[in-house]
Amino acid sequence: MSIAATDDDVMPKPVNAREAMERLNAEASKFNIWLRTQANAPAQRAWFRDAGIEASGALAAGRVGANQMKTAPHRWRWREIGPYLDRIAQIARNCDVSPIEFADRQQFLLTNPGLGGRLQVTNTIRCAVSIYNPGDIAPVHLHTPNASRTILSKNGGYTMVEGERCEAGRGDIILTPHGTWHDHGNDDADAVVWIDVLDFPLMEFLDCVWIDEEFHGERAGNSRAQAAKHPDGYSGRLYGAGGMLPGFLSHQRGIGRHGTPMIHYRGTDIRDALAGLAGEDGDPYEAVTLDFVNPVNGAPVFPTLAYRAQLLRPGEETRLKRETASTMYVAIEGSGTTEIAGRRFDWDENDIFVVPNFLWRRHINTGTSDAVLYAVTDAPLMEKVGQYRAQGRTNDGTVADLVA
Ligand SMILES: [Fe+2]
161 MSIAATDDDV
171 MPKPVNAREA
181 MERLNAEASK
191 FNIWLRTQAN
201 APAQRAWFRD
211 AGIEASGALA
221 AGRVGANQMK
231 TAPHRWRWRE
241 IGPYLDRIAQ
251 IARNCDVSPI
261 EFADRQQFLL
271 TNPGLGGRLQ
281 VTNTIRCAVS
291 IYNPGDIAPV
301 HLHTPNASRT
311 ILSKNGGYTM
321 VEGERCEAGR
331 GDIILTPHGT
341 WHDHGNDDAD
351 AVVWIDVLDF
361 PLMEFLDCVW
371 IDEEFHGERA
381 GNSRAQAAKH
391 PDGYSGRLYG
401 AGGMLPGFLS
411 HQRGIGRHGT
421 PMIHYRGTDI
431 RDALAGLAGE
441 DGDPYEAVTL
451 DFVNPVNGAP
461 VFPTLAYRAQ
471 LLRPGEETRL
481 KRETASTMYV
491 AIEGSGTTEI
501 AGRRFDWDEN
511 DIFVVPNFLW
521 RRHINTGTSD
531 AVLYAVTDAP
541 LMEKVGQYRA
551 QGRTNDGTVA
561 DLVA
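The numbers in the numbering used here rise by one with no breaks, and the one at position 83 of the sequence shown is 243.
Here you go:
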């Protein structure tokens, strides 16, 4: 008795299914669709499988991950990038119109070499360095990205945030939580320089970037800036005494949610606070640190980004640590080196560098005086989406879960 032929026997098999799919894809592409012909090929190995200090994630292979880009460890040397600010300022002084008039700002933005020319230093953080000549004004506006200024100049310039005037000084951190009206300017005799940090790339990815420039509040004489309602030092007087919170006013600033009302941290206060803790053991992976927090609830100052100051004492070496979050650093004082995935990145004052997620890193103060780093990390965002993890290596090489 013969066995009936099955469909498999009579139907011709495709010569190559993938090729057939690709041919179909070529035809379908005009409809802006892509027929899946590849499996997922994630870039990262499993978090808990350690492949050594120098191992880093690879780019994902194939179409599924084709548009993925990876943040690279990188350092921007101040001695290389700083002079461009002088050249921008020179153009502003000597040309028919100041760049601030047609470009909104006189600044350069840092681009991470791993991110294909995008205006970002990590997947979540944009960093610019701005110069304001005497008389320059950045008009009052409000936007969705959270932003901050880290002041590099000794003195000069100001930022107004929701009516609070913040006179800028070296090492200050001035915050503009999303949804707060703010403007910048320089009433002083010399040009001023500061670093702008924003969660712009994240908001861009979320398609949530918008700006409002129609300020309806009281304006200062020149009409492009808001009037000062609170003198310099206002938020410090309200919130500067740790553990004590004024009970007679609202802590809401602007129209944003979850932003901090503590707008202005002075560099001198930060430095004094670090000095006061210099005798403590500190953390083996981070040395002596101060986290900048929303005084109302103790949360990071922004829902997306956390800010921290770190003191490394002369000769101090931290242990290796890695996190699922990415961090940008500014060297505010001293000199040292940070090893990232086995590569050494030396830094001096005003140098900026980034430690991408997943990479082992440690800091070393190579100088004979204190070193101070300011760090901005997207760890709060990673925590909120349930993905924050951290590991440390003890000196004998044992890997320990710090946040599992
Ligand atoms: Fe702004």
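Backbone N, C-alpha and C fix where the C-beta goes; we use that ideal spot for every residue, glycine too.
According to DSSP, residues forming a beta bridge with residue i
{"i": "residue 453", "result": "460"}
{"i": "residue 204", "result": "Bridge partners of residue 204: none, in fact."}
{"i": "residue 232", "result": "Paired residues: none, contrary to the question."}
{"i": "residue 376", "result": "In the DSSP output, where bridge partners are listed per residue, residue 376 has none listed."}
{"i": "residue 287", "result": "357"}
{"i": "residue 559", "result": "553"}
{"i": "residue 352", "result": "292"}
{"i": "residue 496", "result": "507, 525"}
{"i": "residue 297", "result": "345"}
{"i": "residue 532", "result": "471, 493"}
{"i": "residue 326", "result": "319"}
{"i": "residue 425", "result": "333"}
{"i": "residue 401", "result": "DSSP output for residue 401 lists no bridge partner at all."}
{"i": "residue 443", "result": "447"}
{"i": "residue 515", "result": "487"}
{"i": "residue 268", "result": "289"}
{"i": "residue 307", "result": "336, 358"}
{"i": "residue 390", "result": "324"}
{"i": "residue 466", "result": "537"}
{"i": "residue 430", "result": "Partner(s): none; residue 430 has no beta bridge."}
Burial state of residue i, where buried means 16 or more other Cβ atoms lie within 10 Å
{"i": "residue 556", "result": "exposed"}
{"i": "residue 176", "result": "exposed"}
{"i": "residue 248", "result": "buried"}
{"i": "residue 438", "result": "exposed"}
{"i": "residue 191", "result": "exposed"}
{"i": "residue 285", "result": "buried"}
{"i": "residue 383", "result": "exposed"}
{"i": "residue 308", "result": "buried"}
{"i": "residue 219", "result": "exposed"}
{"i": "residue 306", "result": "buried"}
{"i": "residue 487", "result": "buried"}
{"i": "residue 193", "result": "exposed"}
{"i": "residue 332", "result": "buried"}
{"i": "residue 208", "result": "exposed"}
{"i": "residue 257", "result": "exposed"}
{"i": "residue 318", "result": "buried"}
{"i": "residue 236", "result": "buried"}
{"i": "residue 413", "result": "buried"}
{"i": "residue 446", "result": "buried"}
{"i": "residue 376", "result": "exposed"}
{"i": "residue 244", "result": "exposed"}
{"i": "residue 547", "result": "exposed"}
{"i": "residue 298", "result": "buried"}
{"i": "residue 163", "result": "Annotation note: pLDDT 47 at residue 163 (below 50); position unreliable, no value reported."}
{"i": "residue 389", "result": "exposed"}
{"i": "residue 288", "result": "buried"}
{"i": "residue 321", "result": "buried"}
{"i": "residue 440", "result": "exposed"}
{"i": "residue 554", "result": "exposed"}
Rounded distance between the beta-carbons of residue j and residue i, thought under 8 Å
{"i": "residue 311", "j": "residue 328", "result": "4 Å"}
{"i": "residue 326", "j": "residue 423", "result": "6 Å"}
{"i": "residue 497", "j": "residue 521", "result": "With a Cβ gap of about 11 Å, residue 497 and residue 521 do not count as contacting."}
{"i": "residue 405", "j": "residue 474", "result": "Not quite, the Cβ-Cβ distance comes to about 37 Å (not below 8 Å), so this is no contact."}
{"i": "residue 233", "j": "residue 501", "result": "6 Å"}
{"i": "residue 302", "j": "residue 341", "result": "5 Å"}
{"i": "residue 222", "j": "residue 198", "result": "4 Å"}
Residue-chain proximity (residue i, chain B), Cβ-Cβ < 7 Å
{"i": "residue 449", "result": "In the displayed structure, chain B is absent; only one protein chain is listed."}
* **Shell residues, 7 Å Cβ cut-off relative to heavy atoms of ligand 1** => 301, 303, 307, 336, 342
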